[in-house]
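Undergrad: Chains A and B are the protein sequences, given in the same order.
When we follow the working numbering, the leftmost residue of the first sequence carries the number 1, and every step to the right adds one.
When we follow the working numbering, the leftmost residue of the second sequence carries the number 77, and every step to the right adds one.
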Amino acid sequence: MSEKELGQKWDRCLADCAIKVGAGLGLGIVFSVIFFKRRTLPIAFGTGVGLGMAYSNCQNDLSSPYLLHSNTTKEQ
Amino acid sequence: VSKCVCGKVAVHPLQHCRRYASAGNSGSAAGKIVAASLLTVGGGLGGTILYAKWDPKFRANIEKSVPYSDQLFEMTLGPPPPQFVPLQKKPVKVEPLQISSVSEASKDSKQPKAKGKAKDKQPEAAPVEPKPAIDETPAQSPQTIEEASAEAAHIISAMSEVPSVPAPVTSYEPATAEPEAQTLSPGQPAAECCSECAPDEHALKERPVEEVSARLAQQDQAEQDALAALSADLEDALGVSAKLTLQAIGAQEVALSAIGKHTHKLREAMDSEDPPDKKSAQWRELEDALSDRTRTVDQAGQALLQAKEQLEKLRVVIDSAKGSKIESARPQILAAEENLHSMIVDLDKVVTKVQAAQSEAKIVSQYSELVNEAKVQFQRELSSITPEVQANWKGLTGKLSADDLNSLIAHAHRRIDQLNRELAEQRVREQIRIEAALEQQKQEHQRAVDQAVSTALQHNREELRLDQEKKVHEVREVMEAEMRTQLRRQAAAHTDHLRDVLKVQEHELREEAQENMNSKLMEQETNYRRLAQEQLDAFTLDMNSAYARLKGIEEAIDSHVIAEEEARQAHQLWLSVEALNYTLKTAAADSPTEPLEDAVRAIKESCAENEFAQALATALPEESLSRGVYSEASLRARFYGVRRMARRVALIDETRNSLYQYFLSYLQSVLLFEKEQEAPPVKLAPQDLDTFKLLAYATYSIERGDLELAAKFINQLRGESRRVAQDWLKEARLTLETKQVISLLSAYANAVGLGTTQAP
Numbered sequence: 001m002s003e004k005e006l007g008q009k010w011d012r013c014l015a016d017c018a019i020k021v022g023a024g025l026g027l028g029i030v031f032s033v034i035f036f037k038r039r040t041l042p043i044a045f046g047t048g049v050g051l052g053m054a055y056s057n058c059q060n061d062l063s064s065p066y067l068l069h070s071n072t073t074k075e076q
Numbered sequence: 077v078s079k080c081v082c083g084k085v086a087v088h089p090l091q092h093c094r095r096y097a098s099a100g101n102s103g104s105a106a107g108k109i110v111a112a113s114l115l116t117v118g119g120g121l122g123g124t125i126l127y128a129k130w131d132p133k134f135r136a137n138i139e140k141s142v143p144y145s146d147q148l149f150e151m152t153l154g155p156p157p158p159q160f161v162p163l164q165k166k167p168v169k170v171e172p173l174q175i176s177s178v179s180e181a182s183k184d185s186k187q188p189k190a191k192g193k194a195k196d197k198q199p200e201a202a203p204v205e206p207k208p209a210i211d212e213t214p215a216q217s218p219q220t221i222e223e224a225s226a227e228a229a230h231i232i233s234a235m236s237e238v239p240s241v242p243a244p245v246t247s248y249e250p251a252t253a254e255p256e257a258q259t260l261s262p263g264q265p266a267a268e269c270c271s272e273c274a275p276d277e278h279a280l281k282e283r284p285v286e287e288v289s290a291r292l293a294q295q296d297q298a299e300q301d302a303l304a305a306l307s308a309d310l311e312d313a314l315g316v317s318a319k320l321t322l323q324a325i326g327a328q329e330v331a332l333s334a335i336g337k338h339t340h341k342l343r344e345a346m347d348s349e350d351p352p353d354k355k356s357a358q359w360r361e362l363e364d365a366l367s368d369r370t371r372t373v374d375q376a377g378q379a380l381l382q383a384k385e386q387l388e389k390l391r392v393v394i395d396s397a398k399g400s401k402i403e404s405a406r407p408q409i410l411a412a413e414e415n416l417h418s419m420i421v422d423l424d425k426v427v428t429k430v431q432a433a434q435s436e437a438k439i440v441s442q443y444s445e446l447v448n449e450a451k452v453q454f455q456r457e458l459s460s461i462t463p464e465v466q467a468n469w470k471g472l473t474g475k476l477s478a479d480d481l482n483s484l485i486a487h488a489h490r491r492i493d494q495l496n497r498e499l500a501e502q503r504v505r506e507q508i509r510i511e512a513a514l515e516q517q518k519q520e521h522q523r524a525v526d527q528a529v530s531t532a533l534q535h536n537r538e539e540l541r542l543d544q545e546k547k548v549h550e551v552r553e554v555m556e557a558e559m560r561t562q563l564r565r566q567a568a569a570h571t572d573h574l575r576d577v578l579k580v581q582e583h584e585l586r587e588e589a590q591e592n593m594n595s596k597l598m599e600q601e602t603n604y605r606r607l608a609q610e611q612l613d614a615f616t617l618d619m620n621s622a623y624a625r626l627k628g629i630e631e632a633i634d635s636h637v638i639a640e641e642e643a644r645q646a647h648q649l650w651l652s653v654e655a656l657n658y659t660l661k662t663a664a665a666d667s668p669t670e671p672l673e674d675a676v677r678a679i680k681e682s683c684a685e686n687e688f689a690q691a692l693a694t695a696l697p698e699e700s701l702s703r704g705v706y707s708e709a710s711l712r713a714r715f716y717g718v719r720r721m722a723r724r725v726a727l728i729d730e731t732r733n734s735l736y737q738y739f740l741s742y743l744q745s746v747l748l749f750e751k752e753q754e755a756p757p758v759k760l761a762p763q764d765l766d767t768f769k770l771l772a773y774a775t776y777s778i779e780r781g782d783l784e785l786a787a788k789f790i791n792q793l794r795g796e797s798r799r800v801a802q803d804w805l806k807e808a809r810l811t812l813e814t815k816q817v818i819s820l821l822s823a824y825a826n827a828v829g830l831g832t833t834q835a836p
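1. Can you list the beta strand (DSSP E) stretches of 3 or more residues lying completely in the segment 524–593 of chain B, in chain order?
2. In chain B, which residues lie with their C-beta within 7 Å of the C-beta of residue 65 (chain A)?
3. Under 8 Å between C-beta atoms, does residue 824 (chain B) make it to chain A?
4. Looking only at its own chain, which residues have a Cβ that is under 7 Å from the Cβ of residue 21 (chain A), when we skip the five neighbours before and after it?
5. From the DSSP output, in three-state form, read off residue 782 (chain B) for me.
6. How big is the Cα-Cα spacing for residue 748 (chain B) and residue 670 (chain B)?
7. With DSSP collapsed to three states, give me the class of residue 185 (chain B).
8. Can you say whether residue 594 (chain B) is buried or exposed, counting buried as having 16 or more other CB atoms within 10 angstroms of its CB?
9. Note down the Cα distance separating residue 236 (chain B) from residue 319 (chain B), rounded to an integer number of angstroms.
10. What residue range is occupied by the uninterrupted alpha helix (DSSP H) comprising residue 151 (chain B)?
11. Cα separation between residue 274 (chain B) and residue 291 (chain B)?
12. Who are the Cβ neighbours of residue 338 (chain B) in its own chain at under 8 Å, not counting the five residues just before and after it?
13. What is the rounded straight-line gap between the Cα of residue 741 (chain B) and the Cα of residue 778 (chain B)?
14. Quick one: residues in its chain with C-beta nearer than 6 Å to the C-beta of residue 627 (chain B), no 5 flanking neighbours on either side, listed in chain order?
15. Is there a Cβ of chain A sitting closer than 8 Å to that of residue 725 (chain B), yes or no?
16. Given that a residue counts as buried once 16 or more other Cβ atoms are within 10 Å of its Cβ, and exposed if not, what is residue 676 (chain B)?
17. Using a Cβ-Cβ cutoff of less than 7 Å, which residues in the same chain neighbour residue 538 (chain B) once the five nearest sequence positions on both sides are dropped?
18. Taking the C-alpha atoms as reference points, what is the distance between residue 515 (chain B) and residue 531 (chain B)?
19. How about residue 735 (chain B): is its C-beta nearer than 8 Å to some C-beta of chain A?
20. Between residue 767 (chain B) and the ligand COA, is there a pair consisting of the residue's CB and a ligand heavy atom that are separated by less than 7 Å?
21. Name, please, each residue of chain A whose Cβ falls closer than 7 Å to the Cβ of residue 730 (chain B).
22. Using a Cβ-Cβ cutoff of less than 7 Å, which residues in the same chain neighbour residue 750 (chain B) once the five nearest sequence positions on both sides are dropped?
23. Which residues mark the beginning and the end of the alpha helix (DSSP H) in which residue 716 (chain B) is found?
24. Thinking C-alpha only, which one of B:526, B:650, B:457 is nearest residue 494 (chain B)?
25. How about residue 802 (chain B): is its C-beta nearer than 8 Å to some C-beta of chain A?
26. Count the other CB atoms within 10 Å of the CB of residue 157 (chain B); is the residue buried (16 or more) or exposed (fewer)?
27. For the segment 698–724 of chain B, which residues have a beta carbon sitting closer than 7 Å to at least one beta carbon of chain A?
28. Since residue 738 (chain B) meets chain A, which of its residues come closer than 8 Å, beta carbon to beta carbon?
29. How many angstroms separate the CA atom of residue 720 (chain B) from the CA atom of residue 655 (chain B)?
30. What's the C-alpha gap between residue 326 (chain B) and residue 427 (chain B)?
31. State the DSSP-derived secondary structure class of residue 116 (chain B), mapped to helix, strand or coil.
32. To the nearest angstrom, how far is the alpha carbon of residue 448 (chain B) from that of residue 373 (chain B)?
33. Evaluate the contact criterion for the segment 717–737 of chain B versus the segment 1–8 of chain A: three or more CB pairs, one atom per stretch, below 8 Å.
34. With a CB to CB cut of under 8 Å and the five nearest residues on each side skipped, what residues in its chain are close to residue 692 (chain B)?
35. Could you tell me whether the Cβ atoms of residue 432 (chain B) and residue 380 (chain B) are closer together than 8 Å?
36. If you follow the alpha helix (DSSP H) that residue 132 (chain B) is part of, which residue opens it and which one closes it?
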């Protein structure tokens with residue numbers, strides 16, 4: 001069902017976001033602990049990276065139907 | 077701004093002044109220009125008008141090219157001059173005809189005059205073309221040659237009458253009668269043929285051929301009769317004359333012989349000194365001979381007379397025969413004439429002979445008379461001397477005495493002397509007498525010669541005449557033969573011409589008859605054909621009508637069968653469609669119907685030969701067959717979810733599809749309040765293509781049960797909303813399609829069923 005597709009996308013998106021943020025956070029934490037003396041920078045950075053990646057992924061996923069593919073341009 | 081206004085106001089009167097100031101100069105220049113232009117125009121117009129007056133063609137050209145110029149021209153010059161149409165088509169042919177006729181008439185009038193001079197037939201008797209040519213030459217001859225050619229002219233004219241009869245020459249007969257009468261009259265001895273023709277001349281009409289031939293036969297017969305009569309006469313006369321002439325000649329010859337005999341006898345008697353008995357016998361013989369001679373001479377004379385009479389008669393007959401002018405008697409006449417001539421000649425010869433004999437006899441008789449006289453004198457003297465001695469003194473030789481003897485001797489001596497003296501005298505006179513006699517003889521000889529000459533001349537003339545006549549006869553015969561050949565030729569030409577004409581006529585008549593027959597035949601044939609065709613047509617018509625009726629009956633039966641078959645099939649179709657319809661109803665709330673495949677197969681089987689139904693059955697979408705379709709209610713329920721989603725992503729499309737836009741779109745959907753259902757307008761305007769509006773229309777439609785319209789509206793969505801509604805749209809389409817096909821099928825089945833049901 002096409003109307004369910006969006007919901008599925010959102011689900012994926014959220015899942016992905018959670019994973020990414022979590023992974024980022026984790027990595028941030030790790031990095032901050034290991035390399036950056038417990039500063040909050042890497043955590044924030046990691047979280048941000050994770051969020052950003054998630055955002056980007058989500059956006060890409062949502063806008064994937066509108067992307068023109070190289071084969072279509074070739075056909076055109 | 078006020079400056080400008082003032083400036084403007086200030087400028088105007090200057091301009092005006094400037095205009096007024098320059099008006100004077102420009103006025104004169106303008107006036108000059110106007111005057112010059114007026115002059116030019118006027119000059120051109122005047123020149124045109126003058127030239128048009130002079131040359132009408134130019135006027136016509138101008139009138140054609142420039143409108144209203146004809147009115148101008150009419151005003152100034154008057155109406156255009158009339159056109160010259162050539163009217164020289166006078167028929168001049170009448171005159172030559174007249175002239176020719178006049179010339180003909182003059183020619184004709186001249187010809188009769190010229191011909192009238194020659195006293196010939198007028199040339200208007202032209203139908204008998206060869207005749208005038210022939211007529212001319214013989215017509216001219218009668219004037220120059222005498223009776224014989226007059227006969228020819230008569231015969232020719234008689235014959236020319238005959239051939240001219242078949243051609244109608246009635247109007248010219250009086251004219252022809254005159255010249256003919258004229259030609260006939262100059263050379264016409266009265267003869268039967270001419271007398272026959274003469275009454276005919278005045279009663280000339282077109283005689284029929286039989287009359288002509290009868291007349292010809294009559295003429296021939298008359299000729300023949302006359303000829304026969306003539307020849308009979310001639311022969312009779314000839315015979316008689318010949319007989320008589322022969323008789324005369326015989327008699328003359330007999331006379332001649334008698335005379336000769338007598339003369340001989342006389343001479344004998346004179347010369348011989350026979351004894352008296354012999355002498356007496358001699359004298360008796362002599363007397364016999366004399367009597368014989370006289371008798372024969374008389375007879376001869378009579379015979380001669382008779383012969384001469386007969387010859388005269390013969391001559392008369394010959395003349396009359398000649399006068400009768402019958403050609404064929406000519407040779408007979410000639411022969412008769414020759415005979416006559418020969419007879420005359422013979423007679424004359426014989427007569428001359430007789431005359432010669434007679435003259436000789438006369439001489440001899442004279443001599444004998446003289447001798448007799450001398451003897452008688454001597455006798456007398458002797459008797460005077462010796463009276464006793466009588467008659468036959470010759471027998472008295474013994475009786476005579478010496479005296480007698482002496483006296484006798486003396487007498488004899490005296491006689492001798494006398495005779496000597498006479499002899500001398502005679503000798504003297506002899507010369508004179510001889511001369512006289514010679515003269516006489518000469519004269520007589522001359523006379524005889526003259527007579528002989530005249531008779532010879534006469535005979536010669538006769539002979540010449542006879543020769544001439546013979547020649548004439550021969551020439552005539554030759555001419556006759558030639559004429560006959562010419563006439564024969566003409567007759568042959570005539571027959572040829574007749575034959576040709578007859579042939580042509582025959583040909584024409586035959587063709588006519590053939591044509592007639594052909595046309596009649598064609599008529600009959602066409603009639604027959606027409607009748608046959610009519611019959612055939614009628615029969616065909618009947619047959620056709622019967623056949624048509626049979627066909628109609630058959631068709632009716634077939635159609636009945638067909639109709640029943642169709643009815644059955646329609647019933648079947650309807651049943652199957654009903655089954656299909658029923659399957660549609662098996663749709664549950666959220667699951668589709670059963671696959672329609674079976675029902676469709678059933679339909680396809682039931683209407684195997686119905687193309688429409690087949691087409692419709694195949695038009696069902698594949699999905700519906702395999703998977704089935706959703707019901708309307710389920711679709712309707714599903715719609716609301718779709719609607720919600722579509723509202724949420726109303727702002728997302730190709731250009732706007734970031735997350736932020738998603739957020740905005742969601743915000744919009746939350747904040748936008750509108751009617752859930754809105755009645756769609758009849759016509760969609762572009763501003764109605766807004767997502768929310770469309771969704772409102774679709775909701776309205778779907779609430780009213782119009783899935784189709786809702787689907788249409790949903791189809792107008794763009795962007796993400798469209799993507800979201802895609803599946804629903806597809807399902808809706810399937811359902812709609814299926815429903816449409818099924819409704820068509822059921823309608824068709826109903827229609828067919830209606831159609832096949834027969835009204836009671």
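Ideal placement from N, C-alpha and C gives every residue a C-beta, glycine not left out.
Every value quoted in this text rests on a predicted model; they were computed, and no experiment measured them.
TA: Inspection of the coordinates gives the following:
1. none
2. Working through the first sequence from its first residue, we reach residue 65 (chain A) at position 65. The answer, in chain order, is 799.
3. Here residue 824 (chain B) corresponds to residue number 748 of the second sequence, with the count starting at 1. Taking Cβ atoms only, chain A never reaches closer than 8 Å to residue 824 (chain B), which makes this a no.
4. Along the first sequence, one-based indexing puts residue 21 (chain A) at 21. Closer than 7 Å at the Cβ level, and outside the excluded window around residue 21 (chain A), lie 47, 50, 51, 54.
5. Within the second sequence, residue 782 (chain B) is the residue found at index 706, counting from 1. Coil at residue 782 (chain B), not helix or strand.
6. The residue given as residue 748 (chain B) occupies position 672 in the second sequence. The residue given as residue 670 (chain B) occupies position 594 in the second sequence. Roughly 41 Å separates the two Cα atoms.
7. Locating residue 185 (chain B) in the second sequence gives position 109, counting from the first residue. Caution applies to residue 185 (chain B), whose pLDDT of 45 falls short of 50 and renders its modelled position unreliable; the model cannot decide the point.
8. Working through the second sequence from its first residue, we reach residue 594 (chain B) at position 518. When all chains shown are included, residue 594 (chain B) counts as exposed.
9. Counted from its first residue, the second sequence places residue 236 (chain B) at position 160. Counted from its first residue, the second sequence places residue 319 (chain B) at position 243. With a pLDDT of 47 at residue 236 (chain B), under the threshold of 50, the predicted position of this residue should be treated as unreliable, though the coordinate-derived value follows. Their backbone Cα atoms lie some 46 Å apart in a straight line.
10. By 1-based counting over the second sequence, the position of residue 151 (chain B) is 75. Note, residue 151 (chain B): alpha helix (DSSP H), 145–153.
11. If you number the second sequence from 1, residue 274 (chain B) lands on position 198. If you number the second sequence from 1, residue 291 (chain B) lands on position 215. Confidence at residue 274 (chain B) is low in this model, with a pLDDT of 43, below 50, so its placement is unreliable and no value can be given for it.
12. If you number the second sequence from 1, residue 338 (chain B) lands on position 262. Hits under 8 Å: 362, 365, 366, 368, 369, 437.
13. Locating residue 741 (chain B) in the second sequence gives position 665, where the first residue counts as 1. Locating residue 778 (chain B) in the second sequence gives position 702, where the first residue counts as 1. The alpha-carbon atoms of residue 741 (chain B) and residue 778 (chain B) are separated by roughly 25 Å.
14. In the second sequence, residue 627 (chain B) corresponds to position 551, counting from 1. Counting only Cβ-Cβ distances below 6 Å, and skipping sequence neighbours, we find nothing.
15. As a working mapping, residue 725 (chain B) is identified with position 649 in the second sequence. With 8 Å as the cut-off, residue 725 (chain B) counts as an interface residue toward chain A.
16. Taking the first residue of the second sequence as 1, we reach residue 676 (chain B) at position 600. Result: buried.
17. The sequence position of residue 538 (chain B) within the second sequence is 462, counting from 1. If we look at residue 538 (chain B) and ignore the five residues flanking it on each side, its Cβ neighbours are 417.
18. The sequence position of residue 515 (chain B) within the second sequence is 439, counting from 1. The sequence position of residue 531 (chain B) within the second sequence is 455, counting from 1. In a straight line, the C-alpha of residue 515 (chain B) is about 23 Å away from that of residue 531 (chain B).
19. In the second sequence, the residue the question calls residue 735 (chain B) occupies position 659. Yes, its Cβ sits closer than 8 Å to a Cβ of chain A.
20. Questions concerning the ligand COA fall outside what the structure shown contains, since it holds no ligand whatsoever.
21. Residue numbering aside, residue 730 (chain B) sits at position 654 when the second sequence is read from its first letter. Neighbours of residue 730 (chain B) on chain A, chain order: 66.
22. If you number the second sequence from 1, residue 750 (chain B) lands on position 674. Same-chain partners within the cutoff: 768, 772.
23. Here residue 716 (chain B) corresponds to residue number 640 of the second sequence, with the count starting at 1. Segment 708–724, the alpha helix (DSSP H) holding residue 716 (chain B).
24. On the second sequence, residue 494 (chain B) is found 418 positions in, with the first residue counted as 1. The candidate whose alpha carbon is nearest that of residue 494 (chain B) is B:457.
25. On the second sequence, residue 802 (chain B) is found 726 positions in, with the first residue counted as 1. Yes, contact with chain A.
26. Your numbering for residue 157 (chain B) matches position 81 in the second sequence. By the neighbour-count rule (16 or more Cβ atoms within 10 Å), residue 157 (chain B) is not buried but exposed.
27. 717, 718, 721
28. On the second sequence, residue 738 (chain B) is found 662 positions in, with the first residue counted as 1. Going along chain A in sequence order, the residues near residue 738 (chain B) (Cβ under 8 Å) are 62.
29. For this step, residue 720 (chain B) is matched to residue 644 along the second sequence. For this step, residue 655 (chain B) is matched to residue 579 along the second sequence. The straight-line gap from Cα to Cα measures roughly 37 Å.
30. As a first step, residue 326 (chain B) is located in the second sequence; it is residue number 250 there, counting from the start. As a first step, residue 427 (chain B) is located in the second sequence; it is residue number 351 there, counting from the start. The alpha-carbon atoms of residue 326 (chain B) and residue 427 (chain B) are separated by roughly 11 Å.
31. If you number the second sequence from 1, residue 116 (chain B) lands on position 40. Helix at residue 116 (chain B).
32. As a first step, residue 448 (chain B) is located in the second sequence; it is residue number 372 there, counting from the start. As a first step, residue 373 (chain B) is located in the second sequence; it is residue number 297 there, counting from the start. If you take the alpha carbons of residue 448 (chain B) and residue 373 (chain B), they lie about 23 Å apart.
33. yes
34. The residue you call residue 692 (chain B) lines up with position 616 of the second sequence. Closer than 8 Å at Cβ, skipping near neighbours: 817, 820, 821, 824.
35. Position 356 of the second sequence, counted from the start, is the residue given in the question as residue 432 (chain B). Position 304 of the second sequence, counted from the start, is the residue given in the question as residue 380 (chain B). Against a cut-off of 8 Å, the Cβ pair of residue 380 (chain B) and residue 432 (chain B) comes out as no contact.
36. Locating residue 132 (chain B) in the second sequence gives position 56, where the first residue counts as 1. Per DSSP, residue 132 (chain B) belongs to the alpha helix (DSSP H) from 132–141.
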